[in-house]
Ligand SMILES: Nc1ncnc2c1ncn2[C@@H]1O[C@H](COP(=O)(O)OP(=O)(O)O)[C@@H](O)[C@H]1O
Ligand SMILES: Nc1ncnc2c1ncn2[C@@H]1O[C@H](COP(=O)(O)OP(=O)(O)O)[C@@H](O)[C@H]1O
Ligand SMILES: [Mg+2]
Ligand SMILES: [Mg+2]
Ligand SMILES: [Mg+2]
Ligand SMILES: [Mg+2]
């Protein structure tokens, strides 16, 4: 394990210090917490958006704090959901009286910790609503299981919920917009190499030189199957097929595309994937209105990528185009 | 070698196609070239800024095309300077009559190819000026040798030259501003892992699990020395020392800081480095006015980072703050 | 018939912590196979702090020990296991309240309460390859009343933990692996086993 | 006394290309040790195209072959070697112009012109561990006139190439390595050696 760190236990704290020093005009760290909030929080008259989760996904989530996106991001330990006491600090700090909207990725830990914080906040008289993002089609959806995971599509939820709130949307309207995104967003990822949690010292799995792990999440966990590595177009095709076949009907629709690097994949390779996705969608008469290529939701130093399709309508397109000024997202 | 590519020979072309499809409103690809230009080039009444170099440094250079930064970026093969015929196409496409300014990184190949293009352009009656960026203090400066290399500091040159041109600066004024940046910018990098050119199939060097390569460039070449890996603070200290000791007098000055990821280093680690740099500079009464943390000038999938310090004055600070709207740089 | 004192409750937390610290890597390895590889780190961080808290405080009641334990676990672990272990200790503390002495029947009911709280919080039932698979049979065993002894407790918990190996996960991260989750012991069940092993130890010392 | 025909000039390019293609990996390996590892890729890309161009065209003069070769190399190689090899062939073509027949003296002067062009373009002198270290002694040898034969040419070029091993680079990427550049043959000198080896081959066949 080779990492540019000091002590593994200090990684999250030192990272948050480094972030706060990097963006002193945009964010501030709530004292003695792992919460970063907008410098000017609470923003009067606006529903506040709070997201967060385990660390190791940078620039998620703190990179999305800013006008038109998040009001706060709560950082857990590496790949570990933050605790309710941290989430409640975030909620308290950003609520302007208009209520707080939580964007939660669908992991048991995240859901439980955020919901406990929500219960506490509601007991304090703060209105809280939430959405649980579950865009990863690698995992079958089922009411008997944990269901699909939340991965890179979460960034679209940040953008749309943030824009709706910035436009003066009520807590209910923000929730509706976010739910529309969740209902229309599907993703899938592949890994060419594993990653290592600083404290664990070794990766969760090993891959041979000619192998890839398909249906990977964003926590270094094994994927749904292992395959021989293939040309970029074939890998992209496999993921795209799964995304298109899932429960959203993308037929003849308009979509926003995200090609998301997991950490160690050169941007050039992401563009090669983007090229394929575009040409394939054109063939299928699916019209791409917005494209995002880069590292939006990473998994430490994992090599690989995910693709996300969000079906858009007029409202979503307008909200996508709305201003956003965050360290890791500009519009 | 594991890469998300199709044929190694097609990597650059497919990447450029993918970029053009990703940013259709911002860039366009000059037909049958490896040149991307601003969608609205040539911009009337403005000095045009052209940069470029080998590919593999994404988002450099095409990611910096946009209002307030570059008018064109010329892409060579992986780690190989583009040829003069490509550079001249860029120059012709962006010249509005106010002249063209070339930002060249100090590598023999880049300097020769760009200068040949410049000679051809001047023969056609286009006014051309240039700056050669050489911020890397890992290599001693000397008039008998190739001298220092150009690395991440180049992005500051793009920003300042671009802002100066956008503000209506003449070719001469743009050149002066760019030269000021070059004179006041120093960088140094370290690698924790090598990288592989797609066509080469294997990396230039191997590192043991406990080794790092100090004084690395951005072309996968070996650095100036090999050391045992150390805690983040110690690595940052070693680089910072070399940068501060070099020929720019940073004493009690104001600086812009860039912590640049080389490709596979998690952003969390870059922030840990940023934290150290800030605390150390504060100790030394060097005042950080601007901070940039992220992947600005990469070396394919190399793990590691570089730090850059640019000494700033009022003019440079103003130009740094000026608007820039490029896919990989917003202000 | 066993009784639990506040002092023993503290010892329980201490012994659990000791077991978790010495098996930290093993827990992480289990989680690497079918989860995200942080369970050892999470439990070690949480119980380290919990033990520090309860060892340095004075308690009149078992409920008081559990309340502090719950608060620390809830605010230090995170992930899936934090809210679950936090809920477990919180529910026990709520049930036991200020009871000056805790009988075996009290304790059995407290564990039943903990189990119900965890099931509700995690929306999991027995057989889904989670720590519930250990808590459920342990709760049943304690309720049983007769023949409750340390050796038997360890046996029940251990068997339940081993039993998770053959099941396919439907809750928690391991569920993403679907059939691939089979053949691996659930990490949370293992940390729960340590908890009950530590409890058995406390009982044995008390005899 | 040797003469070069347009046909032989084409063969020279073809033979150079053949040597470069079969030593592509080796050139890359040399560049990996002290450069950026693309010299084999660069030369292979450039000479592949140059050979395709000159093999499929009709030429009256050696100058014409060299002009096309220069243009292709200049626009296909890039990096440091592109402008240098491009300049070499351009300078030779400019010197030879429309000369219907090329004598050995003409050719020697053409190479001298090429060398000067390269030195100027690359701002390099002999002894800086670049391809100049091969071109320089070869130009001197050709100027010499007497005893110019294929075997001798290969010998001179090969020795010069080997000689780069012991020097410290002060130009090109290898210069960044300073002392660490010692002990490795310069990749550009090696590709230049192939060029002159191919030339010797052409001469031998012409005898
Ligand atoms: N819904 C659930 N109900 C009960 N226990 C669960 C549930 N989800 C996960 N667990 C338990 O939590 C353990 C994982 O804990 P941990 O690794 O610390 O958290 P995370 O999965 O968030 O990384 C699993 O092994 C399992 O026993
Ligand atoms: N200034 C120079 N003058 C002459 N030859 C040079 C100079 N710089 C580099 N070279 C030659 O170019 C070779 C490297 O070519 P190549 O690898 O294709 O380009 P790059 O170094 O740009 O990657 C070196 O081995 C050396 O022989
Ligand atoms: Mg976790
Ligand atoms: Mg090169
Ligand atoms: Mg886990
Ligand atoms: Mg090279």
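Chains as they are written, first to last, in our numbering: chain P, 37 to 367; chain H, 37 to 367; chain W, 323 to 529; chain L, 323 to 529.
Note that the Cβ used here is the ideal one computed from N, Cα and C, for glycine as well.
Below-8 Å beta-carbon distance, residue i vs any chain H residue
| i | result |
| --- | --- |
| residue 256 of chain P | no |
| residue 405 of chain L | yes |
| residue 164 of chain P | no |
| residue 308 of chain P | yes |
| residue 364 of chain L | yes |
| residue 102 of chain P | no |
| residue 341 of chain P | yes |
| residue 474 of chain L | no |
Opening and closing residue of the beta strand (DSSP E) in which residue i lies
| i | result |
| --- | --- |
| residue 86 of chain P | 84-91 |
| residue 343 of chain H | 340-347 |
| residue 368 of chain H | Missing from the structure shown is residue 368 of chain H; chain H here goes from 37 to 367 and no further. |
| residue 22 of chain H | Nothing can be reported for residue 22 of chain H, as the shown portion of chain H is limited to 37 through 367. |
| residue 51 of chain H | Unbroken run through residue 51 of chain H is the alpha helix (DSSP H), 47-58; no beta strand (DSSP E). |
| residue 112 of chain P | 108-114 |
Separation of residue j from residue i, as counted between CA atoms
| i | j | result |
| --- | --- | --- |
| residue 429 of chain L | residue 326 of chain P | 60 Å |
| residue 117 of chain H | residue 87 of chain H | 11 Å |
| residue 206 of chain P | residue 94 of chain P | 29 Å |
| residue 213 of chain P | residue 413 of chain W | 37 Å |
| residue 350 of chain P | residue 131 of chain H | 38 Å |
| residue 231 of chain H | residue 145 of chain H | 20 Å |
| residue 381 of chain W | residue 174 of chain P | 50 Å |
Closer than 8 Å to chain L by CB, residue i
| i | result |
| --- | --- |
| residue 260 of chain H | yes |
| residue 233 of chain H | yes |
| residue 115 of chain H | yes |
Of the residues the options, the one placed nearest residue i, counting alpha carbons only
| i | options | result |
| --- | --- | --- |
| residue 362 of chain P | P:74, P:136, P:42, P:52 | P:74 |
| residue 506 of chain W | W:412, W:496, W:475 | W:496 |
| residue 417 of chain L | L:423, L:424, L:404, L:432 | L:432 |
| residue 41 of chain H | P:297, P:266, P:274 | P:266 |
| residue 259 of chain H | H:243, H:270, H:272, H:269 | H:243 |
| residue 273 of chain P | P:254, P:256, P:225 | P:225 |
| residue 364 of chain L | H:343, H:233, H:358 | H:233 |
| residue 359 of chain L | L:471, L:347, L:368 | L:347 |
| residue 473 of chain L | L:354, L:521, L:367 | L:521 |
| residue 340 of chain H | H:303, H:311, H:158, H:346 | H:303 |
| residue 134 of chain P | P:46, P:168, P:202 | P:202 |
| residue 160 of chain H | H:39, H:136, H:200 | H:136 |
| residue 328 of chain H | H:281, H:113, H:109, H:188 | H:188 |
| residue 335 of chain W | W:448, W:477, W:389 | W:389 |
| residue 107 of chain P | P:81, P:120, P:223 | P:81 |
| residue 227 of chain H | H:191, H:299, H:292 | H:299 |
| residue 348 of chain P | P:294, P:102, P:99, P:163 | P:294 |
Test: residue i CB closer than 8 Å to a CB of chain P
| i | result |
| --- | --- |
| residue 180 of chain H | no |
| residue 358 of chain W | yes |
| residue 437 of chain W | no |
| residue 396 of chain W | yes |
Residue i - containing alpha helix (DSSP H), residue span
| i | result |
| --- | --- |
| residue 388 of chain W | 384-398 |
| residue 41 of chain P | Element bounds for residue 41 of chain P: n/a, residue is neither H nor E. |
| residue 200 of chain H | 190-202 |
Min CB distance residue i to chain W below 8 Å
| i | result |
| --- | --- |
| residue 119 of chain P | yes |
| residue 142 of chain P | no |
Residues near ligand 7, CB to any non-hydrogen atom under 5 Å, in chain order?
-> You won't find ligand 7 in this model; what it holds is ligand 1, ligand 2, ligand 3, ligand 4, ligand 5 and ligand 6.
Which residues, in order along the segment 496-511 of chain L, keep a beta-carbon less than 8 Å from a beta-carbon of chain H?
-> 497, 498, 499, 500, 502
Which of the residues in the segment 285-312 of chain P, read from start to end, lie with their CB under 9 Å from any CB of chain H?
-> 293, 295, 299, 300, 301, 302, 303, 304, 305, 306, 307, 308, 309, 310, 311, 312
Residues, ordered as in the chain, of the segment 42-64 of chain H that lie near chain P by beta-carbon distance below 7 Å = 42, 47, 50, 51, 53, 54, 55, 57, 58
Positions along the segment 374-403 of chain W whose CB lies within less than 8 Å of some CB in chain P = Contacts with chain P (Cβ-Cβ distance below 8 Å) from the segment 374-403 of chain W involve 396, 397, 398, 399, 400, 401, 402, 403, listed in chain order.
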